[in-house]
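Residue numbers (UniProt numbering): 1 to 322.
A virtual CB, placed ideally from N, CA and C, is assigned to each residue, including glycine.
This report concerns only the one structure given below.
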Amino acid sequence: MARKAAGRPPEETLSLWKREQALLKTLVVDRDTEAWQRDPAFSGLQRVGGVDVSFVKGDSVSACASLVVLSYPELEVMYEDCRMVSLTAPYVSGFLAFREVPFLVDAVQQLREKEPRLMPQVLFVDGNGVLHHRGFGVACHLGVLTDLPCIGVAKKLLQVDGLENNALHKEKIRLLQGGGDSFPLMGGSGTVLGMALKSHDHSTKPLYVSVGHKMSLEAAVRLTHGCCKFRIPEPVRQADIRSRDYIRRTLGVQGAPALRPERSKKAQRPKACPQGASEEPAVSCCVLNCSVKSTWQRTEPTCPSPCEGAILEVHPPALAVI
DNA sequence: GCGACAG
DNA sequence: ATCTTGTCGC
């Protein structure tokens, strides 16, 4: 049975989410912190990761969260983790992270425990970083919670802080010459929030790159270009392709849309995961977390019975804060 | 009623 | 995000 979508969260919840974004935003590092980021050839960089969440057609709750790790500069997949999850929050522009990030943090945490040697040195995230309503998009959110360098890559311009996809903007896009060319996206305050990047020659639509965490915008744009075999950076593209395939296979084999979100450990198969080791992440400490769950459930008006309504169950906040 | 709206 | 196979073009 395809579960129903959750409506828009009450203002009280959005208010708390804003508070959490403001709190975590103070922890964002928008400069290069690793040696390879400053190297002209990125020497020292060996693993780049990508994350994505794909959805099941008529079901706004079931989704597949994926994390892939590719070798650099070859860009060959060396690790893949796809898992079915039950989304808790609805999509609200400006709060994408509250819908997707918990599952991505879990995936990173599991990799950290089971195959630490495959931990990516940077993560490409489908969505914006500081190019956001409050300067704290999903790429920043995931970066702070995992302590990994993150790059925000959006396929469409988020029109915030004065940025507009108007005639002038389109003209700037038209003037981009070859792959790697870019132009700054300046917010109303005069700050450069991100860059529009022509990811490769013959690409009409640019990518909107912004800082997520622990990396400068310049390095982020340069590396993004270096990871594009096609318009979408290979790490994110592979995460997207594989999560969609996973859904197709799951639906095909099971026949009916009866998915078993986040349970059958047997159904997930990290490509390069040895045997041994038990399950259960045994999540570590949680310093900064908040009331996301409690508030959300408390203020949710309808859905009295533990019925097929949805919502319910939020993941334990896995923070990588030592 | 009209425009926005990351995924 | 998702609905969708083949088809035309470089």
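CA nearest to the CA of residue i, picked from the options
i           : options               : result
residue 134 : 174, 34 and 21        : 21
residue 76  : 57, 48 and 184        : 48
residue 67  : 235, 170, 224 and 231 : 235
residue 213 : 14, 12, 18 and 30     : 30
residue 115 : 237, 184, 229 and 69  : 69
residue 111 : 138, 83, 248 and 169  : 83
residue 206 : 219, 165, 160 and 246 : 165
residue 121 : 223, 157, 62 and 58   : 223
residue 180 : 228, 59, 237 and 39   : 228
residue 239 : 40, 23 and 65         : 65
residue 204 : 247, 193, 170 and 12  : 170
residue 191 : 117, 161 and 251      : 161
residue 139 : 157, 104, 172 and 248 : 104
residue 323 : 245, 194, 92 and 78   : Limits of the chain in this structure are 1 at one end and 322 at the other, which puts residue 323 out of reach.
residue 148 : 172, 32 and 44        : 32
residue 219 : 113, 150, 60 and 117  : 150
residue 60  : 35, 100 and 34        : 100
residue 247 : 58, 44 and 34         : 58
Beta-bridge pairing of residue i - partner residues as DSSP gives them
i           : result
residue 213 : 150
residue 80  : 68
residue 208 : 154 and 196
residue 185 : 194
residue 86  : 62
Beta carbon of residue i nearer than 8 angstroms to that of residue j
i           : j           : result
residue 42  : residue 226 : yes
residue 123 : residue 50  : yes
residue 90  : residue 6   : yes
residue 208 : residue 96  : no
residue 182 : residue 196 : yes
residue 98  : residue 25  : no
residue 189 : residue 129 : no
residue 46  : residue 72  : yes
residue 53  : residue 62  : no
residue 125 : residue 152 : yes
residue 163 : residue 185 : yes
residue 200 : residue 231 : yes
residue 144 : residue 14  : no
residue 176 : residue 198 : yes
residue 146 : residue 85  : no
residue 23  : residue 78  : no
Buried or exposed by the 16-neighbour rule on C-beta atoms within 10 Å, applied to residue i
i           : result
residue 16  : buried
residue 9   : buried
residue 127 : buried
residue 202 : exposed
residue 277 : Legend: pLDDT at residue 277 = 28, less than 50; position of this residue unreliable, value from coordinates given subsequently. Classification for residue 277: exposed.
residue 233 : buried
residue 106 : buried
residue 242 : buried
residue 255 : Note that residue 255 has pLDDT 45, beneath the 50 cutoff, so the model's placement of it is unreliable and no number is given.
residue 80  : buried
residue 40  : exposed
residue 159 : exposed
residue 12  : exposed
residue 74  : exposed
residue 88  : buried
Helix, strand or coil at residue i [DSSP, three-state]
i           : result
residue 174 : helix
residue 245 : helix
residue 230 : coil
residue 121 : coil
residue 31  : coil
residue 274 : Annotation note: pLDDT 32 at residue 274 (below 50); position unreliable, no value reported.
residue 53  : strand
residue 126 : strand
residue 92  : coil
residue 48  : strand
residue 37  : helix
residue 43  : coil
residue 179 : coil
residue 10  : coil
residue 23  : helix
residue 161 : coil
residue 134 : coil
residue 17  : helix
residue 75  : coil
residue 262 : Any reading at residue 262 must be qualified, since the residue scores a pLDDT of 45, below 50, and its modelled position is unreliable; no value is offered.
residue 169 : helix
residue 202 : coil
residue 115 : coil
heavy atom of the ligand MN below 7 angstroms from residue i C-beta
i          : result
residue 29 : Only the bare structure without any ligand can be found here, which leaves the ligand MN out of the picture.
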